[in-house]
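Asker: Residue numbers (our numbering), protein chains in the order written: chain P, 3 to 147; chain E, 3 to 147. Take this structure first; my questions come after.
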DNA sequence: TTATATGCAAACGTTTTGCTAGATT
DNA sequence: AATCTAGCAAAACGTTTGCATATAA
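Next comes the structure, spelled out in structure tokens:
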């Protein structure tokens with residue numbers, strides 16, 4: 003198996019079938035998926051897949067920078083495709099049904115603030131800030147009735 | 003047992019000894035504690051306490067609005083005292099040692115942005131936003147060497 | 001050919017639950 | 001007295017690990 007993603011990408015390790023299948027799930031399904039959900043989707047056409055393989059490869063793809071990892075409301079880790087072409091965005095999380103909506107409003111203004119904050123905080127607390135994580139929690143249209 | 007907190011507070015349910023002991027841990031120890039840590043601290047002077055009681059009461063106190071609940075880097079849920087008098091703040095999280103530092107820099111500017119964002123997002127996505135959660139993840143002074 | 005990844009099952013750490021005795025109102 | 005809560009142990013849940021087999025390079 004040799005098919006990867008469209009653009010060039012150096013991979014530490016071997017590019018295997020399960021690895022590609024997992025990535026395909028995210029390519030065909032822009033969203034925020036937990037391991038179990040990825041596992042189920044692959045299992046439909048590839049019943050031989052193991053859940054541990056999914057877990058190992060989600061972590062692998064995350065380390066390779068292909069997937070972003072989140073801990074939202076629930077206990078499960080969620081992953082989304084880390085598409086360089088994609089706009090910087092954050093998440094609206096419904097605390098009732100768990101729905102996650104991406105948004106990119108006010109990003110320029112937000113990024114400016116984040117940069118100022120990172121500078122100030124790095125200096126003051128000696129932290130080397132690598133990333134930030136901003137979530138809005140509330141009720142979605144369906145759940146707020 | 004009748005002792006509660008300084009200010010008035012209506013409690014749904016019964017105010018029990020373990021409930022007070024758990025709250026005391028947070029009053030005497032401003033910080034972000036996981037269930038196990040709270041359990042250990044109480045056990046020192048009250049060996050009879052059960053871990054399940056701690057879990058149940060952390061959730062209880064969170065529902066009562068006395069504790070804030072976070073899911074940081076690790077798998078454990080962390081809680082902190084929700085002190086109304088306290089400044090609005092966010093968290094710097096060290097991804098290596100798990101240390102959590104509170105900060106309140108740029109809060110006015112941040113709150114202004116959050117308010118604008120909440121208004122825009124509520125309108126556009128039909129979300130009723132209840133709260134936001136902003137974390138900076140990186141390496142602390144000790145871990146970045 | 002050889003290191004790496006897979007699949008399975010068992011182990012793991014955290015959190016929840018069922019139950020009976022006990023405490024609070 | 002009625003009801004809610006505690007403590008214990010067992011189960012549940014998401015995730016990780018050990019190991020023999022299979023696969024990519």
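All residues carry an ideal CB built from backbone N, CA and C; glycine is no exception.
Is the CB of residue 154 (chain E) under 9 angstroms away from at least one CB in chain P?
Answerer: Beyond the ends of chain E as shown, which are 3 and 147, falls residue 154 (chain E); an answer cannot be given.
Asker: Residues of chain E with a CB under 9 angstroms from the CB of residue 90 (chain P): which are they?
Answerer: Within the first chain, residue 90 (chain P) is the residue found at index 88, counting from 1. Ordered by position in chain E, no residue passes the 9 angstroms Cβ test against residue 90 (chain P), which lies about 14 angstroms from the chain.
Asker: Taking only the alpha-carbon atoms, compute the straight-line gap between residue 136 (chain E) and residue 82 (chain E) and give it to the nearest angstrom.
Answerer: Within the second chain, residue 136 (chain E) is the residue found at index 134, counting from 1. Within the second chain, residue 82 (chain E) is the residue found at index 80, counting from 1. Rounded to whole angstroms, residue 136 (chain E) to residue 82 (chain E) spans 15 angstroms at the Cα level.
Asker: Pop quiz: residue 80 (chain E) and residue 34 (chain E) are said to be a contact at Cβ under 8 angstroms. What is the actual Cβ separation, rounded to whole angstroms?
Answerer: Counting from one through the second chain, the residue named residue 80 (chain E) turns up at place 78. Counting from one through the second chain, the residue named residue 34 (chain E) turns up at place 32. 4 angstroms between Cβ atoms; contact.
Asker: Measuring alpha carbon to alpha carbon, tell me which of P:96, P:114, P:43 ends up nearest residue 143 (chain P).
Answerer: Position 141 of the first chain, counting from 1, holds the residue named residue 143 (chain P). Considering only alpha carbons, the answer is P:96.
Asker: Check residue 77 (chain E) in the structure and name its three-state DSSP category.
Answerer: Numbered from its first residue, the second chain carries residue 77 (chain E) at position 75. Residue 77 (chain E) falls in the coil class under three-state DSSP.
Asker: Which of the residues in the segment 107-122 of chain E, read from start to end, lie with their CB under 8 angstroms from any CB of chain P?
Answerer: So the list reads 107, 108, 111, 112, 115, 118, 119, 120, 122, given in the order they occur along the chain.
Asker: Under 9 angstroms between C-beta atoms, does residue 64 (chain P) make it to chain E?
Answerer: Numbered from 1 along the first chain, position 62 holds the residue referred to as residue 64 (chain P). Cβ-Cβ to chain E under 9 angstroms: no for residue 64 (chain P).
Asker: Kindly list the residues whose CB is nearer than 6 angstroms to the CB of residue 44 (chain E), restricted to its own chain and excluding five residues on each side of it in sequence; keep chain order.
Answerer: The residue you call residue 44 (chain E) lines up with position 42 of the second chain. Cβ neighbours of residue 44 (chain E) beyond the five flanking positions: 23, 51.
Asker: For residue 131 (chain P) and residue 28 (chain P), what's the separation of their Cα atoms in angstroms?
Answerer: As a first step, residue 131 (chain P) is located in the first chain; it is residue number 129 there, counting from the start. As a first step, residue 28 (chain P) is located in the first chain; it is residue number 26 there, counting from the start. Looking at the two C-alpha atoms, the distance is approximately 28 angstroms.
Asker: Reducing DSSP to helix, strand and coil, say where residue 26 (chain E) ends up.
Answerer: Numbered from its first residue, the second chain carries residue 26 (chain E) at position 24. It is helical.
Asker: What span of residues does the beta strand (DSSP E) with residue 104 (chain P) cover, start to end?
Answerer: For the purposes of this step, residue 104 (chain P) is taken as the residue at position 102 of the first chain. From DSSP, the beta strand (DSSP E) with residue 104 (chain P) extends over 102-105.
Asker: Going along chain P, which residues have a C-beta under 8 angstroms from residue 53 (chain E)?
Answerer: Taking the first residue of the second chain as 1, we reach residue 53 (chain E) at position 51. In chain order: nothing, as chain P lies at least about 18 angstroms away.
Asker: For the alpha helix (DSSP H) that residue 47 (chain P) lies in, which residues bound it at each end?
Answerer: Walking along the first chain from the start, residue 47 (chain P) turns up at place 45. Where residue 47 (chain P) is concerned, the enclosing alpha helix (DSSP H) stretches over 37-47.
Asker: By the 10 Å Cβ neighbour count, where 16 or more other Cβ atoms means buried, how is residue 21 (chain P) classified, buried or exposed?
Answerer: For the purposes of this step, residue 21 (chain P) is taken as residue 19 along the first chain, with counting starting at 1. With 16 or more Cβ atoms within 10 Å of its Cβ, residue 21 (chain P) is classed as buried.
Asker: Specify the secondary structure class of residue 125 (chain E) as computed by DSSP and reduced to three states.
Answerer: The residue you call residue 125 (chain E) lines up with position 123 of the second chain. Of the three classes helix, strand and coil, the one that applies to residue 125 (chain E) here is helix, per DSSP.
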